[in-house]
Amino acid sequence: MLVIDTPGFDDAERSDAEILTEIARILVAQYKLGVELRGIIYLHRITDVRFKRSAAKTLDIFQKICGEQSLGSVLLTTSGWTCKNRDACASRERELRDGFWAYMVHQGSRISRFYGDQASATMIVSQLLMKKPVVLEMQRELIDNGMELKNTTAGAYLYDELELLKEEHRKTLAQLEKLKQSGQAGSWGIRRIETNLDMEMCQLRRTREQQENLGRRIDDEVEEELERQSRRRNWLKVVPLMIPFLTF
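Quick note on our numbering: the sequence shown kicks off at 588 and runs consecutively.
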């Protein structure tokens, strides 16, 4: 059995484009190596009182990675059940089931609890062991259809988000430049404006780089990497051929 812990989105140090690229590479490699995928574990802290915008965005991307046909292989797992008020945590679980997770549950996703012990971990894995092999939407798009990452359902969603962010940076830059040229800010104000201009330019450049990153052909990259690795050592023979699970 092979469990792959994928990175989560909304990371302070890594962009969403970098994270989506890493997940895509993992999924393509798993598919090309012929390793069967039996399920996906989506982790959510039950102690999070509110479902933040970033969590909703992550869930949207996750669903687009999986695709509607694969949601029956998803296990929505809550962690953090060491909370003192179990009733409050149970109430949050019901809110998730009837709200943010309702569509996925309707499509066959199941809800499970992880109590931080071996017994609950075994129960979670056992639920996925009984499932049939599944191919995710992103795997079909990248491998079967030969798409660039930005043209996949998940990639296009993120690309459009970056386009909106890029437009916001452009507007802010225009406003700052207009204020600078007005001559009303004074010497100290001009220095502050110039600092903000540099920051906005840096953020705009980083947003463009993220979009460029989404234009990569992951299928070809992974194929080349697998060929290099196979020339170095015959490692494909020792790749686990049991059932892998992905955790988000």
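A virtual CB, placed ideally from N, CA and C, is assigned to each residue, including glycine. Owing to the predicted nature of the structure, the values given are computational and were not obtained by experimental measurement.
Restricting to Cα atoms, I'd like to know which of ALA743, TYR746, TYR744, ARG795 is closest to HIS756. ARG795
When SER666, MET734, LEU784, MET786 are compared against ASP704, the one with the closest alpha-carbon: SER666
Is it right to say ALA741 is buried, meaning 16 or more other beta carbons lie within 10 angstroms of its own, or is it exposed? buried
Quick one: what's got a C-beta closer than 8 Å to TRP668's C-beta in the same chain, skipping five residues either side? ILE633, CYS676, ARG700, PHE701, TYR702, GLY703
Could you name each continuous alpha helix (DSSP H) segment of 4 residues or more that falls completely within the segment 632 to 688, going from the start of the chain to the end? 640 to 653, 673 to 685
For the candidate residues ALA599, PRO594, LEU607, VAL590, whose alpha-carbon lies nearest to that of TYR744? LEU607
Only counting runs of 4 or more residues, tell me where the alpha helix (DSSP H) segments fall wholly within the segment 732 to 819, in order along the chain. 740 to 769, 773 to 800, 805 to 819
Might you give, ordered along the chain, the residues of its own chain that have their beta carbon closer than 8 Å to the beta carbon of MET691, omitting 5 neighbours on each side? GLN650, LEU658, VAL661, LEU663
Does the distance from the C-beta atom of LEU729 to that of ASP603 stay below 7 Å? no
Assign SER696 to buried or exposed, taking buried as 16 or more other Cβ atoms, counted over all protein chains shown, within 10 Å of its Cβ. buried
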